[in-house]
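S.K.:
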Ligand SMILES: Cc1cc2nc3c(=O)[nH]c(=O)nc-3n(C[C@H](O)[C@H](O)[C@H](O)COP(=O)(O)O)c2cc1C
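In the UniProt record's numbering, the protein residues as written are 1 to 390.
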């Protein structure tokens with residue numbers, strides 16, 4: 001029997017999400033899907049996106065949308081990419097390589113996390129010119145220098161410095177699921193894995209997910225046991241001097257991720273940031289954070305029209321991408337979404353999601369009579385209409 005076409009079985013990200021939940025162990029699901037506190041940020045991000053409405057166009061004749069986007073000196077196939085996700089290989093075996101390969105084939109950016117399960121040397125060649133490297137700020141300047149040199153030598157051109165983790169967040173769902181990073185195997189986890197054979201077998205083949213980059217520095221750190229975990233090495237609580245030091249060391253594009261306050265944006269630009277990534281970390285750090293989309297509008301107003309802005313948080317469709325672009329973003333990213341796709345369909349899931357996003361971008365641009373993504377801002381419905389939808 002021929003397998004059903006994924007386009008029919010999983011026509012939306014919500015289908016992939018449901019299938020992922022049924023295919024990964026519970027503790028993995030809790031890691032991927034959770035936020036912190038009451039998890040109010042996730043629905044807030046969604047609600048802000050859904051409030052953005054457009055006026056469709058009529059009588060414009062055939063529309064052939066062109067999604068290609070030049071961003072930070074590189075051409076991309078569409079204004080969508082893969083946000084950094086730590087322990088990606090825990091969520092689905094081989095996730096980093098699968099996503100990097102998809103990104104290279106589809107010509108969209110892939111961001112490798114500092115706390116990925118694979119090293120920059122392994123993933124850099126797979127991502128090729130689509131690779132971005134995300135840095136959680138190491139405390140020790142020599143480790144910082146070494147990681148940046150390694151990322152650069154492995155072919156990563158864009159550096160993303162994440163600044164919205166001044167300390168750990170509580171992530172209650174992960175506590176309940178007894179998830180430690182790196183994971184400590186408990187009998188309950190083994191039971192959960194036994195019920196999810198595709199994940200279990202894949203993980204057996206790929207090997208236990210480990211923080212392969214950070215591990216190497218833990219080995220160097222032989223004396224004090226209390227520092228012998230990645231959280232300590234990375235808990236730098238960086239300041240503006242730290243940002244300056246990173247800027248001095250990286251000669252490619254530098255993106256600052258996790259910005260929500262419009263007052264920070266002009267200063268980040270003055271300190272040499274090439275792009276600002278507006279994000280509330282998908283709600284995983286601060287349950288009191290405003291919707292990232294509301295921050296985006298204010299940040300665009302504070303930095304003017306030219307500063308490159310990236311948006312993430314709750315993006316589920318091509319229409320959501322257009323909503324963020326209409327409110328001032330130049331590029332958008334998804335974090336969880338790619339991993340729901342991998343969980344649902346394995347490595348091929350990422351390519352399927354790229355197709356869904358591309359098809360949905362085109363379908364909605366045609367409705368708006370837009371041949372270029374940046375044109376959709378002119379089709380925004382008046383603000384009052386958006387409020388009426390609340
Ligand atoms: C499981 C998980 C792990 C993450 N790990 C990182 C990380 O290592 N570095 C980082 O900058 N952001 C990390 N993030 C945040 C994402 O890069 C991104 O900001 C967020 O997922 C966007 O929201 P979305 O999941 O609704 O698309 C992580 C998010 C998730 C869900």
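We put the CB at the ideal spot given by N, CA and C, even for glycine.
#1: Straight-line CA distance for residue 108 to residue 319?
#2: Would you give the residue range spanned by the beta strand (DSSP E) that residue 40 belongs to?
#3: Answer with buried or exposed for residue 279, where buried requires no fewer than 16 other C-beta atoms within 10 angstroms of its C-beta.
#4: Would the C-beta of residue 317 count as close to ligand 1, meaning under 6 Å from any of its heavy atoms?
#5: Only counting the same chain, and skipping five residues up and downstream in sequence, which positions put a Cβ closer than 6 Å to that of residue 225?
#6: Would the beta-carbon of residue 90 fall within 7 Å of that of residue 209?
#7: Measuring CA to CA, which of 124, 248, 259, 287 is closest to residue 272?
#8: When you compare the CB positions of residue 363 and residue 16, do they come within less than 7 Å of one another, or not?
#9: By the three-class DSSP mapping on this structure, what secondary structure does residue 20 have?
#10: Nearest CA to the CA of residue 92: which residue from 361, 298, 205?
#11: Could you tell me the alpha carbon to alpha carbon distance between residue 144 and residue 137, rounded to whole angstroms?
#12: Any heavy atom of ligand 1 within a distance shorter than 6 Å of the CB on residue 158?
#13: With a threshold of 7 Å on Cβ separation, who are the neighbours of residue 124 within its own chain once the five nearest residues in sequence on each side are excluded?
#14: Three-state secondary structure (DSSP) at residue 74?
#15: With a floor of 3 residues, list each beta strand (DSSP E) that falls wholly inside the segment 292-378, ordered by position along the chain.
#16: Could you give the residue range of the beta strand (DSSP E) that holds residue 110?
#17: Are residue 67 and residue 361 close, meaning C-beta to C-beta below 7 Å?
#18: Residue 305 and residue 158: beta carbons closer than 7 Å?
#19: Once you ignore the five residues that flank residue 287 on each side, which residues in its own chain have a CB closer than 8 Å to its CB?
#20: Does the beta carbon of residue 287 fall short of 6 Å from some heavy atom of ligand 1?
#21: Can you find the residues in the same chain that come closer than 6 Å, C-beta to C-beta, to residue 177, ignoring five residues on each side of it along the sequence?
#22: With the cut-off set at 7 Å, would you say residue 335 and residue 282 are in Cβ contact?
#23: Should residue 84 be listed as close to ligand 1, given that the test is whether its C-beta is under 6 Å from any heavy atom?
#24: Does the beta-carbon of residue 117, which I'm using as the reference point, lie nearer than 6 Å to any heavy atom of ligand 1?
#25: Could you spell out the range, first to last residue, of the alpha helix (DSSP H) harbouring residue 257?
#26: Is the beta carbon of residue 314 closer than 7 Å to that of residue 46?
#27: Where in the segment 94-144 do unbroken runs of the alpha helix (DSSP H), each at least 4 residues long, occur, reported from the N-terminal end onward?
#28: Taking 6 Å as the cut-off, is the CB of residue 334 close to at least one heavy atom of ligand 1?
#29: How many Å lie between residue 102 and residue 347 at the Cα?
#30: If you count every other CB in all the chains shown that lies within 10 Å of the CB of residue 175, and 16 or more means buried, which is it?
#31: Run the CB neighbour count on residue 265, radius 10 Å, all protein chains shown included, and call it buried at 16 or more, exposed below.
#32: Whose C-beta lies closer than 6 Å to the C-beta of residue 10 among residues of the same chain, with five residues either side of it excluded?
#33: Mind checking which residues open and close the alpha helix (DSSP H) that includes residue 276?
#34: Taking 6 Å as the cut-off, is the beta-carbon of residue 162 closer than that to any non-hydrogen atom of ligand 1?
M.R.: With the given structure in hand:
#1: Counting from one through the chain shown, the residue named residue 108 turns up at place 108. Counting from one through the chain shown, the residue named residue 319 turns up at place 319. Near 18 Å, if we compare the C-alpha coordinates of residue 319 and residue 108.
#2: Residue 40 sits at position 40 when you count from the first residue of the chain shown. Here residue 40 belongs to no beta strand (DSSP E), and DSSP marks it neither H nor E.
#3: Numbered from 1 along the chain shown, position 279 holds the residue referred to as residue 279. Under this definition residue 279 is a buried residue.
#4: Walking along the chain shown from the start, residue 317 turns up at place 317. False, no ligand heavy atom lies under 6 Å from that Cβ.
#5: Against the chain shown, residue 225 aligns to sequence position 225. Note that residue 225 scores a pLDDT of 42, beneath 50, so its modelled location is shaky; the value from the coordinates is reported in the next line. Once the five neighbours on either side are set aside, residue 225 has no close Cβ partner at all.
#6: To locate residue 90, count along the chain shown from 1; it is residue 90. To locate residue 209, count along the chain shown from 1; it is residue 209. Yes, Cβ-Cβ distance for residue 90 and residue 209 is below 7 Å.
#7: Along the chain shown, one-based indexing puts residue 272 at 272. Nearest C-alpha to residue 272: 248.
#8: By one-based count along the chain shown, residue 363 stands at place 363. By one-based count along the chain shown, residue 16 stands at place 16. It is not a contact, given that the beta carbons lie outside the stated cut-off.
#9: Sequence index remark: in the chain shown, residue 20 carries index 20 (1-based). Helix at residue 20.
#10: As a working note, residue 92 is residue 92 in the chain shown. Comparing Cα-Cα distances from residue 92 to each of 361, 298, 205, the minimum goes to 205.
#11: Taking the first residue of the chain shown as position 1, residue 144 is located at position 144. Taking the first residue of the chain shown as position 1, residue 137 is located at position 137. Near 7 Å, if we compare the C-alpha coordinates of residue 137 and residue 144.
#12: Within the chain shown, the letter at position 158 stands for residue 158. No, since every heavy atom of ligand 1 falls outside the 6 Å radius drawn around the Cβ of residue 158.
#13: Taking the first residue of the chain shown as position 1, residue 124 is located at position 124. Closer than 7 Å at Cβ, skipping near neighbours: 131, 154, 155, 156.
#14: What you label residue 74 is simply residue 74 of the chain shown in a count that begins at 1. Looking at residue 74 - three-state DSSP - the assignment turns out to be strand.
#15: 309-312, 331-334
#16: For the purposes of this step, residue 110 is identified with residue 110 of the chain shown, where counting begins at 1. Residues 110-112.
#17: Here residue 67 refers to the residue found at position 67 when the chain shown is read from its first residue. Here residue 361 refers to the residue found at position 361 when the chain shown is read from its first residue. Yes. Within cutoff.
#18: Locating residue 305 in the chain shown gives position 305, counting from the first residue. Locating residue 158 in the chain shown gives position 158, counting from the first residue. Remark: C-beta atoms of residue 305 and residue 158 do not approach each other more closely than 7 Å.
#19: Counting from one through the chain shown, the residue named residue 287 turns up at place 287. Result list for residue 287: 35, 36, 37, 38, 39, 40, 41, in chain order.
#20: Sequence index remark: in the chain shown, residue 287 carries index 287 (1-based). Not under cutoff, so the answer is no.
#21: Reading the chain shown from its first residue, position 177 is the one you call residue 177. Closer than 6 Å at Cβ, skipping near neighbours: 27, 30.
#22: As a first step, residue 335 is located in the chain shown; it is residue number 335 there, counting from the start. As a first step, residue 282 is located in the chain shown; it is residue number 282 there, counting from the start. Against a cut-off of 7 Å, the Cβ pair of residue 282 and residue 335 comes out as a contact.
#23: Here the question's residue 84 lines up with position 84 in the chain shown. For ligand 1, at least one heavy atom lies less than 6 Å from the Cβ of residue 84.
#24: For the purposes of this step, residue 117 is identified with residue 117 of the chain shown, where counting begins at 1. No, the beta carbon of residue 117 sits no closer than 6 Å to any heavy atom of ligand 1.
#25: In the chain shown, counting from the first residue as 1, residue 257 sits at position 257. From DSSP, residue 257 is part of no alpha helix (DSSP H) but of the beta strand (DSSP E) over 254-259.
#26: If you number the chain shown from 1, residue 46 lands on position 46. If you number the chain shown from 1, residue 314 lands on position 314. Result yes, Cβ atoms of residue 46 and residue 314 sit closer than 7 Å.
#27: 95-106, 120-127
#28: Indexing the chain shown from 1 puts residue 334 at position 334. The answer is yes for residue 334.
#29: Taking the chain shown and counting its residues from 1, the one referred to as residue 102 is at position 102. Taking the chain shown and counting its residues from 1, the one referred to as residue 347 is at position 347. Rounded to whole angstroms, the gap between the alpha carbons of residue 102 and residue 347 is 9 Å.
#30: Taking the chain shown and counting its residues from 1, the one referred to as residue 175 is at position 175. So residue 175 counts as exposed.
#31: Translated into the one-based positions of the chain shown, residue 265 becomes position 265. It counts as buried.
#32: Taking the first residue of the chain shown as position 1, residue 10 is located at position 10. Contacts found: 16.
#33: Sequence index remark: in the chain shown, residue 276 carries index 276 (1-based). Not the alpha helix (DSSP H): residue 276 falls in the beta strand (DSSP E), residues 275-278.
#34: Start at 1 with the first residue of the chain shown, and residue 162 comes out as number 162. Yes, the Cβ of residue 162 comes within 6 Å of a heavy atom of ligand 1.
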